[in-house]
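Data block below; observations after.
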Amino acid sequence: MNAILREGNEPETEKRAVSRGGVAGLRAQIAEKTACGAAAMMDTAFDVLKAIHVALEPHRQGKRVPKDATMRPLIHPARLLREQLESLIWLAQPAGQGFQDGVVHVMPLSRDDDWYRLWAMLQDLGGYESWPQAADIGPWLTDTVVPQLEWLVGDRAEKAAAVIDEMAKAAAARDKAAKKSGAKASANKTGKGAKATRRDSIETLSAAVDAIAIRPRSINV
577 MNAILREGNE PETEKRAVSR GGVAGLRAQI AEKTACGAAA MMDTAFDVLK
627 AIHVALEPHR QGKRVPKDAT MRPLIHPARL LREQLESLIW LAQPAGQGFQ
677 DGVVHVMPLS RDDDWYRLWA MLQDLGGYES WPQAADIGPW LTDTVVPQLE
727 WLVGDRAEKA AAVIDEMAKA AAARDKAAKK SGAKASANKT GKGAKATRRD
777 SIETLSAAVD AIAIRPRSIN V
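Each number in the numbering used here comes from the position in the sequence shown (counting from 1) with 576 added on.
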């Protein structure tokens with residue numbers, strides 16, 4: 577590794593560095609991939625964090641976060657984010673003793689640092705079977721998932737959290753409009769109201785999370 581680093585110290589010419597062979601070309605190719613890949617990964621992380629802030633609205637109101645409506649829109653973006661992380665910081669190496677010849681594992685450089693803990697969290701966030709029970713989803717997202725994503729996105733965490741204030745303002749505007757129009761549920765519809773309220777809250781949550789538009793960003797090459 578030290579030899580590789582030493583060999584690649586020569587200055588670049590005006591010719592596009594990644595078109596070169598040798599260690600210098602390899603290092604330039606890695607740098608280009610890192611620049612593109614890191615930006616795409618941070619965008620994905622920002623979108624996931626913002627969507628989770630939206631999904632946690634019931635929890636902030638002291639209610640249970642609906643599991644299915646929250647989990648399904650987040651599964652694939654979480655998997656994408658995990659694989660983006662792997663592609664940037666993991667290392668391919670022979671599997672070693674106990675495995676057949678030719679087996680290659682892509683492994684983390686360490687299993688005892690915050691990056692590996694982030695990866696483990698994303699593994700859970702992207703798995704249908706690894707989410708906690710419905711009663712524990714709110715605390716898990718709040719205490720485990722959000723802090724690690726905020727650590728990942730750094731200065732952009734505050735911007736992602738701004739969606740909470742945006743939702744509060746939108747809710748206040750809706751309440752104000754409802755009061756002006758006199759749109760209130762009648763007391764004799766209480767029985768149906770409970771089911772309708774829960775259904776409406778789930779539909780609202782699904783629409784809000786979907787509105788975040790978490791979609792893979794393509795990289796022009």
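The beta-carbon is built from N, C-alpha and C at its ideal position, and this holds for glycine as well.
Given this structure, state the Cα-to-Cα distance separating Ser595 from Leu728, to the nearest angstrom. 32 angstroms
When you compare each of Gln660, Gln605, Val641 and Phe675 to Gly702 by their alpha carbons, which one comes out closest? Gln660
Where DSSP assigns a beta bridge to Met683, which residues make up the other side? Leu667
Mind reading off the beta-carbon distance from Thr718 to His635? Whole number of angstroms is fine, and I expect it under 8 angstroms. 6 angstroms
Tell me whether the stretch 604-619 and the stretch 683-693 touch, counting them as touching only if at least three CB pairs, one residue from each stretch, are closer than 8 angstroms. Using a C-beta cut-off of 8 angstroms, the stretch 604-619 makes no contact with the stretch 683-693, since fewer than three inter-stretch Cβ pairs fall below that distance.
Between the alpha carbons of Glu633 and Leu664, how many angstroms are there, rounded? 33 angstroms
Bounding residues of the alpha helix (DSSP H) (the contiguous stretch that carries Phe622): Gly598 to Ala631
Cα-Cα separation, Ala627 to Lys609: 27 angstroms
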